[in-house]
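Chains Z and A, in that order, give the protein sequences. For the record, in the first sequence the residue sitting at position 117 is 117 according to our numbering, with numbers rising by one throughout. For the record, in the second sequence the residue sitting at position 35 is 35 according to our numbering, with numbers rising by one throughout. Every residue, glycine too, gets a C-beta built ideally from N, C-alpha and C. Here's the structure, in structure tokens; my notes come after.
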Amino acid sequence: MRKRADVWIYIALVASLLAAIIFSAGRGSADIGFIDSMKIILSRIPLIGKYVDIRNLPETYSTIIFSIRLPRILTSILCGTGLSICGVLFQGMFRNPMADPYILGISSGAVLGAAIAFVTGTQAALFNFSLVPIFAFIGAIIATAVVYMIAQKKGNLSTNILILSGIAIGFLCSSLLSLIIIASREQAQRIIFWTMGSMTGSSWNTVLVMLPFILIGSLVLLFNAGNLNILSTGDETAVSLGINASALKKLLLLVASLVTAISVCFCGTIGFVGLIIPHAVRFITGPDHKRLMPISALTGAIFLLLCDTAARTLFAPQEIPIGVITSLLGVPFFISLLIRTKRRSII
Amino acid sequence: MKIMEIRDLQYSYGNLKVLKGVDMDFYKGVFYGILGPNGCGKSTLLKNLYGYLKPSAGTIVLSEVNIRHMNPRERARNIAYVPQDSHIGFDFSVFDIIAMGRNPYHSALDNLSSHDIEQIEKAMKETSTTHLRNKSINELSGGEKQRTLIARAFAQDSDIILMDEPVSMLDINHQVEIMDLARSLADNMNKTIVCVMHDLNLAAQYTQHIFLMKDGVVVRAGIPDEILDAGIIKDVYGADVFVGSNEVTGSRIVIPLSRLNNSF
Chain Z
1 MRKRADVWIY
11 IALVASLLAA
21 IIFSAGRGSA
31 DIGFIDSMKI
41 ILSRIPLIGK
51 YVDIRNLPET
61 YSTIIFSIRL
71 PRILTSILCG
81 TGLSICGVLF
91 QGMFRNPMAD
101 PYILGISSGA
111 VLGAAIAFVT
121 GTQAALFNFS
131 LVPIFAFIGA
141 IIATAVVYMI
151 AQKKGNLSTN
161 ILILSGIAIG
171 FLCSSLLSLI
181 IIASREQAQR
191 IIFWTMGSMT
201 GSSWNTVLVM
211 LPFILIGSLV
221 LLFNAGNLNI
231 LSTGDETAVS
241 LGINASALKK
251 LLLLVASLVT
261 AISVCFCGTI
271 GFVGLIIPHA
281 VRFITGPDHK
291 RLMPISALTG
301 AIFLLLCDTA
311 ARTLFAPQEI
321 PIGVITSLLG
331 VPFFISLLIR
341 TKRRSII
Chain A
1 MKIMEIRDLQ
11 YSYGNLKVLK
21 GVDMDFYKGV
31 FYGILGPNGC
41 GKSTLLKNLY
51 GYLKPSAGTI
61 VLSEVNIRHM
71 NPRERARNIA
81 YVPQDSHIGF
91 DFSVFDIIAM
101 GRNPYHSALD
111 NLSSHDIEQI
121 EKAMKETSTT
131 HLRNKSINEL
141 SGGEKQRTLI
151 ARAFAQDSDI
161 ILMDEPVSML
171 DINHQVEIMD
181 LARSLADNMN
191 KTIVCVMHDL
201 NLAAQYTQHI
211 FLMKDGVVVR
221 AGIPDEILDA
231 GIIKDVYGAD
241 VFVGSNEVTG
251 SRIVIPLSRL
261 NNSF
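And the structure:
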């Protein structure tokens with residue numbers, strides 16, 4: 001029964017995602033409109049394409065959609081997917097509803113890594129491959145490891161200390177980042193972009209680099225959804241049920257740090273997506289990660305795409321950093337969560 | 001039939017030696033109590049048995065196979081564990097929780113087989129949790145929660161079930177309910193129950209064999225009537241007790257004596 005209901009949820013989400021893509025592709029300084037935008041996108045899809053007539057639409061529309069808007073749309077989708085599944089993972093694994101890559105300081109670690117690579121000139125391509133993502137990954141891993149070690153006590157994680165140490169490490173990284181910004185005036189602009197989050201830099205290249213990481217990361221996490229269910233009931237229980245908890249946690253943390261780092265590299269730090277989405281979805285699906293994970297991935301993709309569309313169109317031609325929008329939505333959500341947790345613990 | 005043998009088991013947390021050479025034998029279908037003062041290593045012993053901690057030295061042999069040579073899933077098919085801290089943060093249903101007991105039998109992507117479902121239904125029936133199946137684990141009372149966790153261990157279909165103070169959080173009515181359930185698993189289902197306990201009177205009433213531990217070693221082992229002796233308890237716990245005989249059950253009864261001089 002649950003399975004049949006799920007099919008409808010997936011159909012609705014995929015339809016919404018497609019609609020959001022078409023809507024977003026039409027919005028902007030050149031206002032293309034939903035139907036025309038749909039026609040232009042369909043015209044490039046094999047098999048269907050030849051039946052779609054776009055001869056009456058300006059050539060430039062096609063260029064705008066395919067060269068500018070679509071890469072950005074896909075980047076938002078990949079980033080939203082990545083951050084959401086990482087949020088699901090962290091909340092489940094740390095048994096803490098307030099965990100997400102941003103609050104745990106992992107995003108900040110990644111930005112710091114990226115910024116270091118950037119200003120020290122190591123961005124010079126090594127074997128034609130930028131070192132920025134690698135440094136971002138190292139930053140994310142170090143931040144994760146430090147937060148984890150601070151919070152760990154005799155094999156158990158203290159959830160409050162986890163959040164607090166995450167916030168502390170986040171602050172530390174931000175401070176170091178400020179120093180870097182001051183020290184390197186010319187590149188300050190680019191680094192500030194990272195701290196606030198933006199999809200402005202996205203291109204087809206971005207999409208091609210992000211896609212394999214997000215895809216493989218998602219598959220690994222999805223494959224482990226059942227294990228994550230058990231892990232979310234506690235390490236000791238997980239071990240007694242035949243799961244090598246410490247090895248599994250290390251693997252999942254590594255994957256999540258990688259996904260976070262790759263998202264941060266191209267989109268900057270975007271807070272609260274990994275917090276809001278898993279929560280909202282858990283209301284509907286319950287805690288089963290086999291449902292929570294894929295549904296959060298789709299919902300996160302739609303959410304971030306709409307946020308980015310708002311970011312670039314609300315005050316056009318001025319862009320709002322997308323991190324500002326997600327924080328504006330996320331902070332009230334976070335506070336309401338705190339209040340709810342507080343009430344629960346008093347009772 | 002001997003089912004598990006522990007020889008010279010040692011474990012240290014850093015420099016702190018907690019288990020200093022434990023020897024125990026376990027037989028099928030027997031209810032064992034592990035008793036001893038706080039910090040004597042009871043819980044650490046259990047953690048070594050279900051694999052959460054790795055022994056520093058010594059062996060644990062399960063039906064002729066050293067546990068060291070088993071992979072985690074194999075071990076979990078032989079030993080199940082009912083934790084003391086039953087806090088589960090997320091709202092899993094009772095069915096979902098019990099179904100987790102089937103994890104050692106299928107890979108991460110498999111759905112529950114009809115055999116899995118059968119075992120889960122059997123576990124629910126045996127622990128009277130069938131009517132709770134769709135309830136959230138967090139809506140349950142302490143006793144219901146404990147029954148659910150025992151059901152999960154039962155669904156694991158292992159010969160041995162470890163329990164860490166399963167009734168310490170429960171009122172007297174639910175204590176009896178859970179202890180009855182645990183004993184019936186030994187008597188009727190031929191499970192070996194290894195139960196860490198604090199309550200000497202419950203131990204007297206329910207266990208068939210007691211290991212009394214102190215400072216990381218077993219100091220006494222035997223049937224409750226031998227072990228629950230005022231002299232031994234004074235030695236091990238340092239407490240003065242009166243040990244009598246329970247007229248209703250015929251088992252030993254232990255009454256702690258106050259150190260105040262007849263002040264009440």
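Listing by chain order, which chain Z residues have their CB less than 7 Å from the CB of residue 6/A? What residue 6/A touches in chain Z: nothing, since even the nearest Cβ is about 17 Å away.
If you follow the alpha helix (DSSP H) that residue 5/A is in, where does it begin and where does it stop? Careful: residue 5/A lies outside any alpha helix (DSSP H), inside the beta strand (DSSP E) at 2-13.
Alpha carbon to alpha carbon, how far is residue 68/Z from residue 294/Z? 28 Å
Determine the direct distance from the alpha carbon of residue 139/Z to that of residue 110/Z, and round the result to whole angstroms. Between residue 110/Z and residue 139/Z, the C-alpha separation is close to 5 Å.
Terminal residues of the continuous beta strand (DSSP E) containing residue 212/A? It spans 209-214 - the beta strand (DSSP E) in which residue 212/A sits, taken as one unbroken run.
Quick one: does residue 233/Z have its CB under 8 Å from some CB of chain A? yes
Cβ of residue 116/A less than 8 Å from any chain Z Cβ? Taking 8 Å as the CB threshold, residue 116/A stays off the interface with chain Z.
Taking a cut of 8 Å between CB atoms, which residues from the region 92-125 of chain A lie near chain Z? 92, 93, 96, 97, 100, 101, 103, 104, 108 and 109
Would you say residue 89/Z faces chain A, with C-beta separation under 8 Å as the test? no
Tell me the rounded alpha-carbon separation between residue 24/Z and residue 100/Z. The C-alpha of residue 24/Z lies about 27 Å from the C-alpha of residue 100/Z.
Bridge partner(s) assigned by DSSP for residue 136/A: Answer is 93/A.
In whole angstroms, give me the CA-to-CA distance for residue 107/A and residue 252/Z. 17 Å
Counted within 10 angstroms of its Cβ, other Cβ atoms place residue 143/A as buried (16 or more) or exposed: The residue in question, residue 143/A, is buried, as its Cβ has 16 or more Cβ neighbours within 10 Å.
From residue 17/Z to residue 42/Z, what distance separates their C-alpha atoms? 15 Å
Residues in the same chain with beta-carbon distance under 6 Å from residue 26/A, minus the five sequence neighbours each way, listed in chain order, please. 3, 4 and 192
Endpoints, the alpha helix (DSSP H) within which residue 252/Z is located: 245-267
Could you say which of 274/Z, 40/Z and 106/Z lies nearest to residue 88/Z if we only look at CA atoms? 274/Z
Can you find a CB in chain A that lies within less than 8 Å of the CB of residue 239/Z? yes
May I ask you to list, following chain order, the residues of the region 276-288 of chain Z that have a beta carbon less than 9 Å from some beta carbon of chain A? 282, 286, 287 and 288
So, helix, strand or coil for residue 66/A, using DSSP? If DSSP states are grouped into helix, strand and coil, residue 66/A belongs with the strands.
Taking only beta-carbon positions, decide if residue 229/Z is within less than 8 Å of chain A. yes
Output, in chain order, the set of chain Z residues within a Cβ distance shorter than 8 Å of residue 83/A. 234, 236, 237 and 240
Would you check if the region 200-210 of chain A and the region 40-49 of chain A touch, i.e. whether three or more CB-CB distances between them fall below 8 Å? no
Residues bridged to residue 32/A [DSSP beta-bridge criterion]: 194/A and 209/A
Where the region 243-262 of chain Z meets chain A: residues whose CB sits under 7 Å from a CB there: 243 and 244
Residue 151/A touches chain Z at which residues, Cβ-Cβ below 8 Å? By Cβ distance, chain Z contributes nothing, its closest Cβ being about 13 Å from residue 151/A, past 8 Å.
Could you pull the DSSP bridge partners for residue 221/A from this structure? 211/A
With a threshold of 16 other CB atoms inside 10 Å of the CB of residue 39/Z, please say whether the residue is buried or exposed. With at least 16 other beta carbons inside 10 angstroms of its own, residue 39/Z counts as buried.
Using beta-carbon positions only, say whether residue 9/A and residue 66/A come within less than 8 Å of one another. no
For residue 59/Z, is the classification buried or exposed, using 16 other Cβ atoms within 10 angstroms of its Cβ as the cut-off for buried? exposed
Starting from residue 278/Z, trace the alpha helix (DSSP H) in both directions and tell me its first and last residue. 273-285
According to DSSP, is residue 127/Z part of a helix, a strand, or is it coil? Because residue 127/Z sits at a pLDDT of 46, beneath the cut-off of 50, its placement in the model cannot be relied upon, and the following sentence gives the value as read from the coordinates. Coil at residue 127/Z, not helix or strand.
Cross-chain neighbours of residue 95/Z in chain A, by beta carbon under 7 Å: 89
CA-CA distance, residue 6/A and residue 150/Z? 35 Å
I want to know whether the region 280-300 of chain Z touches the region 76-94 of chain Z - three or more CB-CB distances under 8 Å. yes
Taking three-plus beta-carbon pairs below 8 Å as touching, is the region 306-313 of chain Z in contact with the region 323-334 of chain Z? Verdict: yes, contact present.
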